[in-house]
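Chemist: For the protein sequence lines, the chains are A and B, in the order given.
Letter by letter, the first sequence follows residues 30 to 303 in my numbering.
Letter by letter, the second sequence follows residues 30 to 303 in my numbering.
From the three backbone atoms N, C-alpha and C, an ideal C-beta is built for every residue, glycine too.
Computed from a predicted model, the values in this text were never measured in an experiment.
Can you keep this structure in mind? I'll have questions shortly.
Number of protein chains: 2
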Amino acid sequence: MTRIACRQLAPELGAVDANVRMTTAAIRESVAAGAQLVVLPELIVSGYMFTSADEARTAAITPEHPVFAAWSDAVRGVGGVVVGGFAELGDDGLVYNSAAVVDGSGVLAVYRKVHLWDKEKLSFTPGFVPPPVVETPVGRLGILVCFDLEFPEMTRSLALRGAELLVVPTNWPLETVPEGERVPEVTVGMAAAYSNRVGIACCDRTGIERGQDWNGASCIINEQGWVIANVDADGVATADLDLQLSRDKSLSAMVDFFGDRRPELYGAVTAPKA
Amino acid sequence: MTRIACRQLAPELGAVDANVRMTTAAIRESVAAGAQLVVLPELIVSGYMFTSADEARTAAITPEHPVFAAWSDAVRGVGGVVVGGFAELGDDGLVYNSAAVVDGSGVLAVYRKVHLWDKEKLSFTPGFVPPPVVETPVGRLGILVCFDLEFPEMTRSLALRGAELLVVPTNWPLETVPEGERVPEVTVGMAAAYSNRVGIACCDRTGIERGQDWNGASCIINEQGWVIANVDADGVATADLDLQLSRDKSLSAMVDFFGDRRPELYGAVTAPKA
């Protein structure tokens with residue numbers, strides 16, 4: 030059983046040092062409360078509402094930045110893991126919307142968001158490598174960032190590659206939805222969890238930034254597709270989830286969500302872009 | 030704008046003639062109420078709870094069977110279309126769980142269910158051809174049957190191939206779900222509609238058969254992923270939907286659910302079965 034805590038925080042735009050302190054304190058608090066996996070929002074180290082690559086670059090860091098050592102220190106004692114977003118300055122001088130996977134030994138993996146949302150395209154370069162499945166002390170984590178979740182190929186491919194939990198730092202812009210409905214991103218996550226028999230932990234953000242508000246819809250979804258945790262009054266979604274349950278894709282002796290696939294008939298899914 | 034009616038009927042197991050009369054009457058009733066597309070459940074001509082291929086064969090018919098002429102007659106006057114399920118006796122002597130697409134000119138297409146659910150595998154042979162996108166008088170219809178819907182490759186591939194509405198005859202076995210939740214199949218449909226910007230019409234069945242009850246969760250979902258119709262007291266889900274809206278995959282000048290895809294990174298989705 031893994032205790033997961035999604036920390037729905039508000040970064041300060043461009044204030045890296047302040048965000049390092051805030052996130053590290055939050056991780057330490059969740060670890061003290063028993064969490065083994067702490068999920069932070071997309072771009073939590075930098076903030077989100079940049080208007081150009083030049084502006085995003087002012088808050089961009091490399092995986093050698095001390096923030097990751099601070100996160101690593103915070104989880105080392107419990108064999109824990111942190112996943113959180115940052116603006117990454119690449120060796121190529123370009124700026125990526127990235128997520129780091131950190132354990133007590135340091136940075137295990139960095140993923141550069143592949144599907145940039147809307148005006149992010151003005152500030153970031155899209156990643157060109159598929160998302161990783163990372164072996165961590167808490168299990169095999171598949172990493173996505175925000176809009177990536179809405180492409181069923183992404184969730185499917187991570188689950189097929191053995192991910193036991195999809196971890197999704199996100200910044201979901203505020204939407205109006207019909208009375209009584211969840212925001213679409215959560216519905217999409219529930220469906221992906223159900224069809225892939227894999228848990229999903231989404232960490233959204235809060236804090237109005239340059240006029241933009243957010244759904245604040247962080248949630249933890251189990252491998253049957255049910256939301257088992259939403260945020261509490263402190264902005265934390267917490268759940269205990271047995272990640273090993275994601276290894277079983279069957280519903281009965283004659284139903285298996287992976288074994289029943291017919292990939293030879295799915296050709297159009299990977300067709301080139303129009 | 031297309032008026033869609035999903036008729037959540039109860040077939041009589043093995044009683045083809047009775048089911049022909051019932052379905053034809055239902056279609057005529059819906060056409061009289063203004064429907065242009067009438068969706069019937071999976072295996073509505075045969076019933077569902079067969080225990081062997083031999084038993085299913087007793088209710089299996091070919092696309093030349095008079096039921097399709099009767100359905101065709103019922104919609105001819107209004108330029109309408111019927112999609113409904115039947116046990117198909119193939120030229121090869123095998124029995125398939127199929128759906129027919131019928132308009133005033135006759136049978137436009139037959140689709141053999143690719144993903145058989147559970148004990149259906151004892152009675153039916155899985156189809157070996159991808160689902161069709163059928164040009165009809167009401168628009169381009171992508172056809173799936175029941176469990177097919179839960180494979181995101183299926184919904185995605187139909188939408189990529191230009192389907193403007195996914196039409197899904199289904200028999201959803203009764204499930205217990207948490208208080209206030211939809212059955213997972215509907216959540217999966219909402220997510221598929223949202224991520225593919227395509228409407229979906231699901232027609233479930235009713236009527237306990239050999240002890241098996243059903244969700245009775247027929248619904249019509251618009252291209253934004255919202256359920257716009259559930260069944261009324263008469264077991265009919267009715268909605269007016271502009272299928273042309275499914276042609277636009279964009280949310281803004283810089284967001285396009287298809288244009289933003291990165292198929293070169295989705296290789297694992299079509300990986301061979303393990």
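I'd like the list of long-range same chain contacts for Lys278(B), defined as Cβ closer than 6 Å, with 5 residues on each side in sequence excluded.
Modeler: Within the second sequence, residue 278(B) is the residue found at index 249, counting from 1. The residues Arg226, Asp285, Phe286, Phe287, in chain order, have a CB closer than 6 Å to that of Lys278(B) in the same chain once the five nearest residues on each side in sequence are set aside.
Chemist: Short check: CB of Val314(B) to CB of Ser127(B), under 7 Å?
Modeler: This structure leaves residue 314(B) out entirely; chain B is present only between 30 and 303.
Chemist: Give the secondary structure of Trp243(B) by DSSP, where H, G and I count as helix, E and B as strand, and everything else as coil.
Modeler: Here residue 243(B) is taken as the residue at index 214 of the second sequence, counted from 1. If DSSP states are grouped into helix, strand and coil, Trp243(B) belongs with the strands.
Chemist: Whose C-alpha, out of Gly109(B), Glu193(B), Asp147(B), is nearest the C-alpha of Tyr223(B)?
Modeler: Position 194 of the second sequence, counted from the start, is the residue given in the question as residue 223(B). Measuring from the Cα of Tyr223(B), the nearest candidate turns out to be Glu193(B).
Chemist: Assuming Tyr125(B) and Thr87(B) form a contact by the criterion Cβ under 8 Å, report the distance between their Cβ atoms to the nearest whole angstrom.
Modeler: If you number the second sequence from 1, residue 125(B) lands on position 96. If you number the second sequence from 1, residue 87(B) lands on position 58. 15 Å between Cβ atoms; not a contact.
Chemist: Between Ser152(B) and chain A, is there a C-beta pair that is closer than 7 Å?
Modeler: The residue you call residue 152(B) lines up with position 123 of the second sequence. By this cut-off, Ser152(B) is not an interface position.
Chemist: Around the Cβ of Ile237(B), are there at least 16 other Cβ atoms within 10 angstroms (buried) or fewer (exposed)?
Modeler: Counted from its first residue, the second sequence places residue 237(B) at position 208. It counts as exposed.
Chemist: Do Cys232(A) and Pro70(A) have their CB atoms nearer than 7 Å?
Modeler: Residue 232(A) sits at position 203 when you count from the first residue of the first sequence. Residue 70(A) sits at position 41 when you count from the first residue of the first sequence. The answer is yes: Cβ separation under 7 Å.
Chemist: Identify the residues that DSSP records as bridge partners of Pro161(A): which are they?
Modeler: The residue you call residue 161(A) lines up with position 132 of the first sequence. DSSP output for Pro161(A) lists no bridge partner at all.
Chemist: Could you tell me which uninterrupted alpha helix (DSSP H) segments, each at least 4 residues in length, are contained entirely in the segment 62–123 of chain B, listed from first to last along the chain?
Modeler: 82–86, 95–105
Chemist: Which residues, in chain order, does the segment 161–188 of chain B contribute to contact with chain A at a C-beta distance below 7 Å?
Modeler: Glu179, Phe180, Pro181, Glu182, Arg185, Ser186
Chemist: Since Ser224(B) meets chain A, which of its residues come closer than 8 Å, beta carbon to beta carbon?
Modeler: For the purposes of this step, residue 224(B) is taken as residue 195 along the second sequence, with counting starting at 1. Ordered by position in chain A, the residues that pass the 8 Å Cβ test against Ser224(B) are Glu179, Phe180, Pro181, Val217.
Chemist: Does DSSP classify Glu204(B) as helix, strand or coil?
Modeler: In the second sequence, counting from the first residue as 1, residue 204(B) sits at position 175. Reduced to three states, the DSSP call for Glu204(B) is coil.
Chemist: For the alpha helix (DSSP H) that contains Thr216(A), what are its first and last residues?
Modeler: Position 187 of the first sequence, counting from 1, holds the residue named residue 216(A). From DSSP, the alpha helix (DSSP H) with Thr216(A) extends over 213–225.
Chemist: Quick one: using the 10 Å Cβ neighbour count with 16 as the cut-off for buried, is Gln37(A) buried or exposed?
Modeler: Along the first sequence, one-based indexing puts residue 37(A) at 8. Buried, because 16 or more other Cβ atoms sit within 10 Å of the Cβ of Gln37(A).
Chemist: Run down chain B in chain order and give the residues with a C-beta less than 7 Å from the C-beta of Asp289(A).
Modeler: Within the first sequence, numbered from 1, the residue matching residue 289(A) stands at position 260. Result: His144.
Chemist: According to DSSP, what are the bridge partners of Asp277(A)?
Modeler: Counting from 1 along the first sequence, the entry for residue 277(A) is found at position 248. According to DSSP, Asp277(A) bridges with nothing at all.
Chemist: Just checking: is the beta-carbon of Val49(A) within a distance shorter than 7 Å of some beta-carbon in chain B?
Modeler: Residue mapping note: residue 49(A) aligns to position 20 of the first sequence, counting from 1. It does not; no Cβ of chain B falls within 7 Å.
Chemist: Could you check which residue in Val143(A), Lys142(A), Arg190(A), Val265(A) has the C-alpha nearest to that of Ala39(A)?
Modeler: Start at 1 with the first residue of the first sequence, and residue 39(A) comes out as number 10. Closest by alpha carbon: Val265(A).
Chemist: For chain E, find out if any of its Cβ atoms is closer than 7 Å to the Cβ of Tyr140(A); answer yes or no.
Modeler: Protein chains A and B are contained in the structure displayed, whereas chain E is not.
Chemist: Rounded to a whole number of angstroms, what is the C-alpha to C-alpha distance between Arg141(A) and Asp147(A)?
Modeler: In the first sequence, counting from the first residue as 1, residue 141(A) sits at position 112. In the first sequence, counting from the first residue as 1, residue 147(A) sits at position 118. Rounded to the nearest angstrom, the two C-alpha atoms are 16 Å apart.
Chemist: With a 10 Å radius around its C-beta and 16 neighbouring C-beta atoms as the bar for buried, classify Glu204(A) as buried or exposed.
Modeler: In the first sequence, residue 204(A) corresponds to position 175, counting from 1. Burial call: exposed.
Chemist: Reducing DSSP to helix, strand and coil, say where Leu38(B) ends up.
Modeler: Working through the second sequence from its first residue, we reach residue 38(B) at position 9. Note: Leu38(B) maps to coil in three-state DSSP.
Chemist: Which stretch, first to last residue, makes up the beta strand (DSSP E) that contains Leu270(B)?
Modeler: By 1-based counting over the second sequence, the position of residue 270(B) is 241. Note, Leu270(B): beta strand (DSSP E), 265–270.
Chemist: Could you work out which residue in Ile90(A), Pro202(A), Phe97(A), Trp100(A) is closest to Gly122(A) when comparing CA atoms only?
Modeler: By one-based count along the first sequence, residue 122(A) stands at place 93. When each option's Cα is compared against that of Gly122(A), the closest is Ile90(A).
Chemist: Using a C-beta to C-beta distance shorter than 9 Å, which residues of chain A count as neighbours of Gly254(B)?
Modeler: Against the second sequence, residue 254(B) aligns to sequence position 225. Per Cβ cutoff of 9 Å: Pro213, Thr216, Val217.
Chemist: Could you give the C-beta distance for Leu272(B) and Gly218(B), rounded to a whole number, given that I count them as a contact under 8 Å?
Modeler: Taking the first residue of the second sequence as position 1, residue 272(B) is located at position 243. Taking the first residue of the second sequence as position 1, residue 218(B) is located at position 189. Their Cβ separation, rounded to whole angstroms, is 16 Å, which puts Leu272(B) and Gly218(B) out of contact at 8 Å.
Chemist: Can you check the segment 180–204 of chain A for any alpha helix (DSSP H) of at least 4 residues that lies completely inside it and give the ranges in chain order?
Modeler: Scanning the segment 180–204 of chain A for uninterrupted alpha helix (DSSP H) segments of 4 residues or longer gives 181–189, listed from N- to C-terminal end.
Chemist: Could you pull out every residue in the same chain whose Cβ sits closer than 6 Å to the Cβ of Ser59(B), ignoring the five residues on either side in sequence?
Modeler: One-based indexing of the second sequence puts residue 59(B) at position 30. Apart from sequence neighbours up to five positions away, the residues of its chain that approach Ser59(B) with a beta-carbon distance below 6 Å are Ala34, Val67, ordered along the chain.
Chemist: What is the rounded straight-line gap between the Cα of Gly113(B) and the Cα of Leu42(A)?
Modeler: Within the second sequence, residue 113(B) is the residue found at index 84, counting from 1. Within the first sequence, residue 42(A) is the residue found at index 13, counting from 1. Roughly 55 Å separates the two Cα atoms.
Chemist: What I want to know is whether the C-beta of Val158(A) ends up closer than 6 Å to one or more non-hydrogen atoms of the ligand FMN.
Modeler: Ligands displayed in this structure: none; no statement on the ligand FMN is therefore possible.
Chemist: Would you call His65(A) buried or exposed, if buried means 16 or more other Cβ atoms sit within 10 Å of its Cβ?
Modeler: Taking the first sequence and counting its residues from 1, the one referred to as residue 65(A) is at position 36. The identity of residue 65(A) in the sequence shown is Gln, whereas the question assumes His. Gln65(A) should be labelled buried.
Chemist: Show which residues of chain B have a CB atom less than 7 Å away from the CB atom of Met283(A).
Modeler: Reading the first sequence from its first residue, position 254 is the one you call residue 283(A). Neighbours of Met283(A) on chain B, chain order: Asp147, Lys148, Lys150.
Chemist: Compare the C-beta of Leu42(A) against all C-beta atoms of chain B and say whether one is closer than 7 Å.
Modeler: In the first sequence, residue 42(A) corresponds to position 13, counting from 1. Chain B contact via Cβ: absent.
Chemist: Since Leu9(A) meets chain B, which of its residues come closer than 9 Å, beta carbon to beta carbon?
Modeler: The structure shown does not extend to residue 9(A), since chain A is modelled only from 30 to 303, so the question has no answer here.
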